[in-house]
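Below: the structure, in structure tokens.
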Amino acid sequence: MRTPLVLLLLVLLAPFARPAQAQNIQLHYDFGRQLYAKDQPTRPRWTTTVEQFRPDRWGNTFYFIDMNYANEGVESAYWEISREFSLGKTPFAAHIEYDGGLSNKFSYNNAYLVGVTYAWNAPSHNAGFTITPMYKYLAKQSKPNSWQLTGTWYRHFAAGAVTFCGFADVWGDRNLSDGKNNVVFITEPQLWLNLYKLHGVNPDFRLSVGTEVEVSHNFAVTDKTIVNPTLALKWSF
Numbered sequence: 002m003r004t005p006l007v008l009l010l011l012v013l014l015a016p017f018a019r020p021a022q023a024q025n026i027q028l029h030y031d032f033g034r035q036l037y038a039k040d041q042p043t044r045p046r047w048t049t050t051v052e053q054f055r056p057d058r059w060g061n062t063f064y065f066i067d068m069n070y071a072n073e074g075v076e077s078a079y080w081e082i083s084r085e086f087s088l089g090k091t092p093f094a095a096h097i098e099y100d101g102g103l104s105n106k107f108s109y110n111n112a113y114l115v116g117v118t119y120a121w122n123a124p125s126h127n128a129g130f131t132i133t134p135m136y137k138y139l140a141k142q143s144k145p146n147s148w149q150l151t152g153t154w155y156r157h158f159a160a161g162a163v164t165f166c167g168f169a170d171v172w173g174d175r176n177l178s179d180g181k182n183n184v185v186f187i188t189e190p191q192l193w194l195n196l197y198k199l200h201g202v203n204p205d206f207r208l209s210v211g212t213e214v215e216v217s218h219n220f221a222v223t224d225k226t227i228v229n230p231t232l233a234l235k236w237s238f
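Just so we're aligned: the sequence shown equals residues 2 to 238 in my numbering.
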């Protein structure tokens, strides 16, 4: 689940798998409204996320789609899609990305990003990370030229039964209400118990249960750090 930005290494959504096509759907119940009733009185309680990572001979493609729900149905949808082109046999790849979405009250301004990704994976593929510095173009803003730094990670424990993964983004943005140049930070670590890796569970029953904790500054609320935990289910396929 990513209400904002980016990215990948879901090459390891299936623990210990070699880089191969991987996708999943997640359902999150968000406690942010209860924890910050004054700051986030209308924060959606339910979010679904669909993710796919597909490598090929030239690099990889990754996208995710977040949909937030109200009593009447879908309240907003946000997506990001990125393409990476391998730079020979090096751990570097050229990165291009688009972010955008809409809601029943407004549309998210488009963002276009270009940069270079450095990726590292352990030989056993039980751990890895990426770092991607990028130029970011913020559409429909008075000062559209910006930057973003994204990191992702994953680590599998207990023979793949437990996965710790997530991302962290930091970028420059202009706040529309006060005109200040702000630095925005968000990270969303996830912890999953992969039931299909437990003894006695059919490996085709690819359900995971877990949690995500969204920690942000200048994102959900300006000039404030917010921590929004969730309870979640994930089906990998």
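Built from N, CA and C at the ideal position, the CB exists for glycine as well.
Segment limits, beta strand (DSSP E) that includes residue i
i, result
"Val-202", "Taken as a continuous stretch (DSSP letters only), Val-202 belongs to no beta strand (DSSP E), as it is neither H nor E."
"Ala-78", "74-87"
"Phe-130", "128-139"
"Glu-98", "93-104"
"Ala-120", "108-122"
"Asn-219", "It is not in any beta strand (DSSP E) - Asn-219 carries neither H nor E in the DSSP assignment."
"Ala-159", "Neither: Ala-159 is in no beta strand (DSSP E) and is coded neither H nor E."
"Lys-144", "From DSSP, Lys-144 is part of no beta strand (DSSP E); its letter is neither H nor E."
"Trp-193", "191-195"
"Thr-63", "The amino acid occupying residue 63 in the given sequence is Phe; Thr does not appear at that position. Note, Phe-63: beta strand (DSSP E), 60-71."
"Lys-235", "226-237"
Counted within 10 angstroms of its Cβ, other Cβ atoms place residue i as buried (16 or more) or exposed
i, result
"Pro-45", "buried"
"Glu-73", "exposed"
"Lys-235", "buried"
"Asp-1", "As displayed, the chain neither begins before 2 nor continues past 238, which places residue 1 out of reach and without an answer."
"Tyr-79", "buried"
"Thr-258", "No information on residue 258 is available, as it lies outside the stretch 2 to 238 that the chain covers here."
"Lys-137", "buried"
"Ala-23", "buried"
"Tyr-30", "exposed"
Cα-Cα separation between residue i and residue j, rounded to whole angstroms
i, j, result
"Asn-111", "Gly-89", "31 Å"
"Val-171", "Gly-201", "42 Å"
"Ala-71", "Ser-108", "17 Å"
"Leu-28", "Arg-55", "22 Å"
"Asn-127", "Ser-237", "17 Å"
"Ser-206", "Glu-52", "With the sequence shown as reference, residue 206 is identified as Phe, and Ser is not the correct amino acid for it. Computed Cα separation, rounded: 18 Å."
"His-218", "Gly-167", "17 Å"
"Gln-41", "Ala-221", "8 Å"
"Trp-1", "Thr-48", "Only positions 2 to 238 of the chain appear in the structure, and residue 1 is not among them; the question remains open."
"Leu-232", "Gln-191", "10 Å"
"Pro-92", "Tyr-119", "6 Å"
"Ser-87", "Gly-60", "5 Å"
"Phe-32", "Asn-203", "32 Å"
"Ala-95", "Glu-85", "5 Å"
"Ser-83", "Thr-133", "12 Å"
Proximity to residue i [Cα-Cα], best of the options
i, options, result
"Phe-130", "Lys-144, Thr-49, Ser-217 and Gly-152", "Gly-152"
"Lys-225", "Glu-85, Phe-32, Lys-39 and Leu-139", "Lys-39"
"Ile-26", "Lys-106, Ser-209 and Pro-230", "Ser-209"
"Asn-182", "Val-163, Lys-144 and Tyr-197", "Lys-144"
"Met-68", "Lys-141, Gly-161, Thr-50 and Asn-105", "Thr-50"
"Phe-186", "Asn-195, Asp-174 and Leu-196", "Asp-174"
"Glu-189", "Leu-139, Pro-230, Ala-162 and Ser-77", "Pro-230"
"His-157", "Val-216, Ile-66, Val-214 and Asn-195", "Asn-195"
- Going along the chain, which unbroken runs of the beta strand (DSSP E) with 3 or more residues stay wholly within the stretch 22-47? 23-31
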